[in-house]
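Some notes on the structure that comes next.
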Amino acid sequence: MSHFPDFLTAGKSKQCCWGHAWHRQCFESQTVSRGLRCAPAVGTTTLREFSRLSTLTEANVVPPVVACSLAALVSLLCLLLLAVLWAGPQPLLERCASVDCRQARSFLEGLMDASVNPCKDFFRHTCRRWITDHFSGANFSVQATRDMLSSLKWALLDSADEDLMARPVRFYRACSAFPTLTPVVTPSILVERFRNDTSVLTMTNAAAVVRRVIQLSLLRRVSTLFTVALVDYRGNASLYLSRARSLSQKLNSLRHGPSLVEFLTEIVQATLPFAPQTPNKDTKATVVALLDFDDVVSFNQSTTGGTEALSALDIDHLSTLMGGEDWTDIVNSVTSASVQLTKASTVMCEGFESIKSTLEYFRENFALGLLYIFFHILMEAGQFHYLKRFSFERPNELERACLSAIQDVLPPLWSRLFNNLTHSALSEPSRVEAIFNSVRTLSSQRPPMQGMSAADRKRALSALRSVELFEHNTSLSLLPHAVDSLNMSETQFKNDFPSLYISVKAAEAARRLADPPSFKDVVSGPFLLSPRVVYSEALNAVVLPAALRRPPVTYSTRVPIEFDVGTLGVLLAQAVFRAGLPSTDSDSAQQWFDGNVGKFIRCAEESAQSVLRSTLRTLPPQHALELFSLTRAVKIAYAVMKEDYEALSSRRGYQEAWAMAQRTFFRRFCLLTCSSDVGNEGVIESRLRCMVPLLNMVEFSGAFECNSVPQFRKLRSCVSV
């Protein structure tokens with residue numbers, strides 16, 4: 032049997048050799064003897080030698096179809112392996128590949144003082160450059176708000192008059208130009224312009240004064256002893272009472288500051304001739320008395336107090352303090368026929384006890400109270416003249432006042448401007464909602480309720496589980512009708528901005544009486560310019576100002592979560608904490624404070640550095656409560672970050688990324704507390720707010736490998752979440 036394939040032996044004569052043509056030899060016979068081989072010619076090569084196959088391998092040759100299949104399978108496996116390697120988990124350190132992330136990390140690293148060992152002095156490592164070199168001592172949230180206001184200012188100044196926002200643009204330009212375009216107005220001229228309002232100084236009846244106070248609030252939106260607003264509450268016209276701002280707050284001036292004293296002294300001298308009931312005609316004594324009155328209002332304004340629907344008994348009590356006036360009749364006398372209150376209408380009140388205290392003090396100091404009310408009316412225009420004279424002391428104050436003025440007269444437009452600018456600051460959507468939801472869930476799982484009564488416990492749990500996040504949404508409404516139809520002449524814009532402001536504000540007040548704004552918008556409005564995240568009991572909502580929804584406080588989703596939870600997460604958690612507090616008038620409030628806040632302070636003293644220990648022992652109750660809530664907030668924010676990273680624990684580079692994330696988180700948090708606004712005491716307070724929460728987290732020492740440092744060996748967890 033031939034060892035050659037059939038295709039080589041086909042034909043009448045069989046070829047047994049493969050070589051050059053001139054060496055070919057053929058057999059004549061049709062058969063080949065067993066074992067007989069064709070001897071190759073010299074120099075020729077047999078097929079067996081050419082293929083280098085042995086007899087054994089020749090006998091086991093793999094069929095071509097099977098070989099091709101195996102080759103295809105191997106190729107497919109290689110392709111799959113390459114695909115898996117290509118799409119496999121990337122090192123988490125490469126998550127910071129976006130432009131947003133690189134900017135965020137560069138910003139943070141630029142603020143850290145690398146020459147200071149974090150284990151030796153973490154506060155100085157984080158805050159030294161911020162306090163001394165960077166932002167003149169303003170804290171992180173305040174500076175973020177200032178940056179936002181500055182951005183909004185330039186957006187307004189750069190906008191064209193043909194734009195949809197032409198009116199607020201022109202309004203802001205007029206306000207910002209007022210100090211340079213308008214000549215100084217003497218106090219006597221300012222008082223003369225409000226000659227009609229001097230009639231309040233001659234009133235002798237408390238009921239008439241109260242009616243005047245309510246009318247000023249409703250018709251001109253001038254707040255004096257308290258504020259009254261008509262609102263849409265659950266689809267019905269209702270009344271909303273709230274505490275008034277003090278004079279020093281309206282002027283955004285330090286109480287008893289030299290500028291305020293100088294300004295009030297000049298105004299008092301021009302006003303006393305119209306105030307026959309003022310007991311002391313001495314200017315200096317009257318100014319001191321006015322400032323004392325203002326201190327009482329400021330104190331009442333700052334005291335805690337929730338928002339509640341007043342009972343009939345509460346309304347009667349307020350009516351008695353106001354001289355027996357009927358609220359319903361006063362309000363209905365200035366509203367349209369389509370918007371009228373009834374005896375059954377809801378009266379909502381924010382800070383009921385504070386308003387009562389202010390009214391009681393007014394009744395005890397009636398003549399001085401009349402002068403105080405008139406000064407509030409006068410400061411509607413006077414605040415801009417005050418800025419004109421003293422704005423050099425606080426350069427950012429003019430833009431804040433002008434933007435606040437827009438908020439007073441054009442709230443729907445203001446909201447749209449603010450939010451459009453906020454959204455444009457982020458290249459992609461943020462994770463605010465996701466962080467808030469996680470914070471709310473963790474906060475409601477194990478709230479500090481030791482010492483609470485059963486009723487307070489039930490209310491606190493309900494509030495924590497249902498608290499919502501409130502953001503000022505972009506308004507899509509058209510221009511307010513009253514403002515749109517107002518004739519704003521160029522003369523008014525350039526020469527008499529305060530009068531323009533008062534007239535536009537009155538037009539907005541008329542619009543609100545005809546179409547009451549929602550209760551939610553009225554309550555949340557004052558927080559729009561706030562540098563703080565606040566909890567509103569009236570809304571059971573955490574109100575997040577627009578300035579804190581943009582860098583450097585909040586970043587886009589292209590930046591790792593630790594950058595957000597270290598700042599925004601802590602602020603949200605601290606605000607949510609407020610929802611779970613016992614009522615201030617509850618019998619168990621003090622017991623809760625001692626069992627939670629007091630216990631925490633005593634525990635923190637054992638972990639604190641010696642420089643902080645004495646400060647902790649003398650901490651006022653309100654500051655101790657804030658420090659307790661801050662420490663708890665840091666732990667909750669850290670838990671949110673940890674939960675997010677645990678979902679990535681199977682990926683390569685996880686340990687390195689997690690270690691870096693923790694260090695970023697702690698640095699971002701401490702940066703949030705950096706401030707020296709009130710001198711050396713402010714630095715001590717800032718150090719306290721940074722270090723006490725961190726010294727009660729063993730995770731902090733592990734992240735920076737500080738376990739060998741003595742102060743970190745006695746770390747204790749004084750707050751549990």
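With the working numbering as the guide, the letters of the sequence shown map in order to residues 32 to 752. From the three backbone atoms N, C-alpha and C, an ideal C-beta is built for every residue, glycine too. Small disclaimer: the values here were computed from a predicted structure and weren't measured.
Can you tell me the Cα-Cα spacing of residue i and residue j, whole angstroms?
i, j, result
"Ala239", "Thr255", "15 Å"
"Ser660", "Ile220", "50 Å"
"Pro557", "Thr373", "28 Å"
"Pro576", "Ala306", "42 Å"
"Arg580", "Cys433", "22 Å"
"Gly710", "Arg720", "Caution applies to Gly710, whose pLDDT of 45 falls short of 50 and renders its modelled position unreliable; the value that the coordinates give is listed next. Rounded to whole angstroms, Gly710 to Arg720 spans 16 Å at the Cα level."
"Arg609", "Arg286", "28 Å"
"Lys630", "Val750", "10 Å"
"Thr217", "Gly611", "51 Å"
"Ala148", "Ile533", "In the sequence on display, residue 148 carries Asn and not Ala. Going by the C-alpha atoms only, they are around 56 Å apart."
"Val370", "Ser342", "22 Å"
"Glu593", "Val173", "21 Å"
"Ser555", "Leu570", "9 Å"
"Cys26", "Arg471", "Since the first and last residues shown for the chain are 32 and 752, residue 26 lies out of range."
"Asp131", "Leu500", "25 Å"
"Val584", "Ser469", "18 Å"
"Leu509", "Trp161", "Confidence in Leu509 is poor, its pLDDT being 38 and thus under 50, which makes the residue's placement too unreliable to answer from."
"Gln308", "Thr302", "12 Å"
"Pro442", "Leu702", "33 Å"
"Arg265", "Ala538", "25 Å"
"Leu418", "Arg204", "15 Å"
"Ser732", "Phe154", "14 Å"
"Ser617", "Arg488", "11 Å"
State the DSSP-derived secondary structure class of residue i, mapped to helix, strand or coil.
i, result
"Ser64", "The pLDDT assigned to Ser64 is 39, lower than 50, so where the model puts this residue is not dependable; a value taken from the coordinates is nonetheless given after this. It is coil, neither helix nor strand."
"Ala465", "helix"
"Asp263", "strand"
"Asn738", "coil"
"Tyr586", "coil"
"Met379", "strand"
"Val564", "coil"
"Leu183", "helix"
"Ser329", "helix"
"Leu234", "In the sequence as displayed, the identity of residue 234 is Met instead of Leu. In the structure shown, Met234 sits in coil (DSSP, three-state: anything other than H, G, I, E or B)."
"Ser82", "Any reading at Ser82 must be qualified, since the residue scores a pLDDT of 36, below 50, and its modelled position is unreliable; no value is offered."
"Arg648", "helix"
"Arg248", "In the sequence under discussion, the amino acid at residue 248 is Ser, which differs from the Arg named in the question. Helix."
"Asn427", "coil"
"Asn283", "coil"
"Met483", "coil"
"Ser681", "coil"
"Arg580", "helix"
"Ser219", "helix"
In the DSSP assignment, find the beta strand (DSSP E) that holds residue i and state where it starts and stops.
i, result
"Ala145", "Here Ala145 belongs to no beta strand (DSSP E), and DSSP marks it neither H nor E."
"Leu500", "Glu499 to Glu502"
Pull up the CB-CB distance for residue i and residue j, whole angstroms please, since I reckon it's below 8 Å.
i, j, result
"Ser277", "Val244", "That pair is no contact at about 15 Å."
"Asp345", "Phe383", "6 Å"
"Leu473", "Val671", "7 Å"
"Pro562", "Ala572", "18 Å between Cβ atoms; not a contact."
"Asp325", "Ser273", "18 Å between Cβ atoms; not a contact."
"Cys127", "Pro591", "6 Å"
"Val665", "Val740", "Actually they are not in contact, since the Cβ atoms of Val665 and Val740 sit about 20 Å apart, beyond 8 Å."
"Ala491", "Pro613", "7 Å"
"Leu544", "Thr366", "5 Å"
"Leu390", "Leu352", "4 Å"
"Val565", "Ala606", "6 Å"
"Asp757", "Ile466", "Past the edges of the chain, shown from 32 to 752, lies residue 757, and the structure says nothing about it."
Tell me where the alpha helix (DSSP H) around residue i begins and ends.
i, result
"Leu575", "Leu575 -> not in any alpha helix (DSSP H); beta strand (DSSP E) instead, spanning Ala572 to Leu575."
"Met728", "Note, Met728: premise wrong, no alpha helix (DSSP H); not H, not E."
"Ile162", "Neither: Ile162 is in no alpha helix (DSSP H) and is coded neither H nor E."
"Met410", "Phe397 to Phe421"
"Ala692", "Tyr685 to Thr704"
"Gln605", "Val601 to Ala610"
"Thr351", "Ala343 to Leu352"
"Val628", "Segment: none, Val628 is in no alpha helix (DSSP H) and carries neither H nor E."
Who are residue i's beta bridge partners in DSSP?
i, result
"Leu270", "Leu261 and Val378"
"Thr338", "Glu381"
"Ser549", "Asp263"
Less than 7 Å between the CB of residue i and some heavy atom of the ligand SAM, yes or no?
i, result
"Gln693", "As presented, the structure is devoid of all ligands, the ligand SAM included, so that no description of it is given."
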